[in-house]
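One structure is given below, encoded as structure tokens.
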Amino acid sequence: MSALAQSHFAEALLDADRAIPPDVTSHTTRVPARRFGVYRNNVVASLVNALRIRFPAVARIVGDEFFAGMARLFVTAQPPRSPLLMRYGDAFPDFIAGFTPAAELLYLPDVARVEAARTRAYHAADMRPLDLCDIATQPPETLGALRVSLHPSIEIVRSAFPVVTIWAMNSGEAELTPIDDWRGEDALVARPALDVEMRALPAGGAAFLRALFNNETLGQAATLALADSDQFDLAANLAGLFGAGLVVAIEHSPLMEPAS
Amino acid sequence: MPIASCLPARAGVGFKPEHFRDILVDDQPLGFLEIHAENYMGAGGPPHAQLGALRERYALSVHGVGLSIGHMGDLDHAHLMRLKALCERYQPESFSEHLAWSSHSDGFGEVFYNDLLPLPYTHETLARVAAHIDEVQNALGRQMLLENPSTYVRFTASTIAETDFLRELASVTGCGLLLDINNVFVSAKNHGTSARDYLASFPLDRVREIHLGGHDEQADETGAPLLIDAHGSPVADPVWALYAETIARTGPLPTLIEWDNDVPVWPVLKAEAVAAQAMLDRAVQAVAA
């Protein structure tokens, strides 16, 4: 097979309108449409299935048939660029956001973002979390100058919709009921041990974590979180952070001075 | 000196995460487990935790499905390095890949098609695939096994029989062969040829592992059988028969049950492995007698 012949074969896989490559044949028919169709179907169906496995809540919300149609269009428009299928679909949430037939479901792209983050967390590097005792030994007046390293599996999805609640209801984690308190939720996705965990962050929590990711001290991060929400509660957020096993290291700021 | 493929000549299964607890509860009658390499290329998490625990108890075969050895362009070096890292981490008894391609450039970069696609057998493709196998064996520092494909179409350009193509590759590169008997059966039905003739001309002395799996039956537009290598059902009776005939000639070989789709509960998959092991035991007795 010349490289050119392989190109013809490859191009015809994702484009059902393209003719079957001229060098392809069979013992029953000169132009084996049904047989070549097996390859076309294997490619598209296996990739649609990979997306269905990665985005089960999205599939549950829109139904299998709608999901398959939407996923097929994504597969042909943005096929995988790597043999690591665990990463395939990172761009699916943005595709859904631009997919007109799903436009009514304003929250759908954020549900997909949460599911994409969950897979990344599943495969993220392992690190042993610290527990609350590790910070309890710190003199309280020095806390503000500490920097912490967060678990590598952590991702935050900020949403204008109750995305954690919607995901839970469409994943068998919570009963499917009308959502009375329809308000934005910031999802925290992490895998401190073997199970991927997700929760809605308290007010200011997302800004706090983002600041810690940017290597700000606890004090600076708390200031930024308070600017994001005046309801931010540092003690509760710190307890949540350590309690959930999301901190893997503590370091003192080289510029550390006792807080007044 | 490259590490030779050395799985025990017993029955094994393709590992599925849903069977993890079942497999760990007590000693299973398994000679080895096989994994798809690409599922263990993340940084951490449950896949590595499970594989680490299984590796302590069982011989391991790492089976790649994404290297695209039959690609007419260059091998994906980054992917080869990922395979190398995986083999160094788990030190498997065997590494295998397919006589097929799965990636191709569309002008914007490589596209991964997630299927094992066929190639014509010519002197040009033979040279290309041999060069790729050399590159893999040099990078990994170990012998690899190459698996015969299941195919649905033929190429007008082919000038070499598949069995001759594989024999020549093994001879030129020193690679071993992974004989998938379900693939032999599927391809023979699909091309109106004889699976027994294929096996009669197969270089069995190069075989270091056998695969068995299930297939689906369809028909093409002329009504001729079109079998699909679906790995979603038990091994078919004619495939068991070909297997028994093959190991009667070769003696016992490491034998894997592949069941990748509609994965059954563990006792069903285990029963397939037990059936293969019973045939292996008979082959041992036949050799001894």
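Protein chains in written order, with my numbering: chain U, 1 to 260; chain R, 261 to 549. Idealized CB from N, CA, C, for every residue including glycine.
If you look at U:Ile96, you'll find it in the alpha helix (DSSP H) that goes 92-97.
Not a single C-beta of chain U is nearer than 8 angstroms to the C-beta of R:His392. When the five nearest sequence neighbours on each side are left out, the beta carbons in the same chain lying within less than 7 angstroms of the beta carbon of U:Thr217 are those of Gly144, Ala145, Leu146, Arg147, Ser253, in order along the chain. Counting along the chain, the unbroken alpha helix (DSSP H) around U:Phe9 starts and ends at 3-13.
Between U:Thr76 and chain R, the shortest Cβ-Cβ separation is not below 8 angstroms.
Partner residues in the beta bridge of R:Trp361, as assigned by DSSP, are R:Leu377. Of all alpha-carbon atoms in U:Val164, U:Ala112, U:Met198, U:Pro101, the one lying nearest the alpha-carbon of U:Tyr88 is that of U:Ala112.
Approximately 7 angstroms separates the beta-carbon atoms of R:Asp489 and R:Asn442; this is inside 8 angstroms, confirming the contact. Residue contact with chain U for R:Val371: present (Cβ-Cβ distance below 8 angstroms to some residue of chain U). Interface annotation, U:Phe36: in contact with chain R, CB-CB separation under 8 angstroms. When the alpha-carbon of R:Ala535 is set against those of R:Leu314, R:Leu284, R:Leu290, the nearest one is in R:Leu290. With 16 or more other Cβ atoms from the protein chains shown falling within 10 Å of its own Cβ, R:Gly274 counts as buried. Residues of chain R whose Cβ lies closer than 7 angstroms to the Cβ of U:Met86 are, in chain order, Gly302. Cβ-Cβ distances below 6 angstroms link U:Leu108 to Ile96, Ala102 in the same chain, with the five nearest sequence neighbours on each side left out; the list follows chain order. Within the same chain, and ignoring the five residues on either side of R:Gly333 in sequence, the residues whose Cβ sits closer than 7 angstroms to its Cβ are Ser365. Between the C-alpha atoms of R:Ser356 and R:Leu406 there is a straight-line separation of about 6 angstroms.
Using a Cβ distance threshold of 8 angstroms, U:Leu130 and U:Phe242 count as a contacting pair. About 6 angstroms separates the CB atoms of U:Leu13 and U:Arg40; that is less than 8 angstroms, so the two are in contact.
At a C-beta separation below 8 angstroms, R:Trp361 has these neighbours in chain U: Gln6. Contact between the stretch 445-453 of chain R and the stretch 506-521 of chain R is absent: fewer than 3 CB-CB pairs across the two stretches fall below 8 angstroms.
Per DSSP, the continuous alpha helix (DSSP H) segment holding U:Pro109 begins and ends at 108-123. The contact set of U:Val24 on chain R, defined by CB atoms closer than 7 angstroms, consists of Val413, Phe415 in chain order.
R:Gly312 places its beta carbon 8 angstroms or farther from that of R:Glu294. Annotation: U:Met86 is outside any beta strand (DSSP E) and is labelled neither H nor E by DSSP. Put simply, the backbone Cα of R:Trp361 is about 54 angstroms away from that of U:Ala236.
R:Pro306 belongs to the set of residues whose beta carbon lies under 8 angstroms from a beta carbon in chain U.
Pairing R:Arg270 with R:Leu438 gives a Cβ-Cβ distance that is not under 8 angstroms.
Judged by their CB atoms, U:Ala187 and U:Val164 are nearer to each other than the 8 angstroms cut-off. Residue range 383-400 is occupied by the alpha helix (DSSP H) that includes R:Arg388. A residue is called buried once 16 or more other Cβ atoms fall within 10 Å of its Cβ, and U:Asn42 is buried on that count. Closer than 9 angstroms at the C-beta level to chain U, one finds these residues of the stretch 320-338 of chain R: Gly324, Val325, Gly326, Leu327, Ser328, Gly330, His331, Met332, Gly333, Asp336, Ala338. For U:Pro32, the neighbours in chain R by C-beta distance under 7 angstroms run, in chain order, Val413, Asp480. In this chain, the beta strand (DSSP E) harbouring R:Leu405 covers 404-407. U:Gly37 and R:Ser321 have their C-alpha atoms some 32 angstroms from each other. R:Ile470 places its beta carbon 8 angstroms or farther from that of R:His392. For R:Thr510, the enclosing alpha helix (DSSP H) covers residues 497-510.
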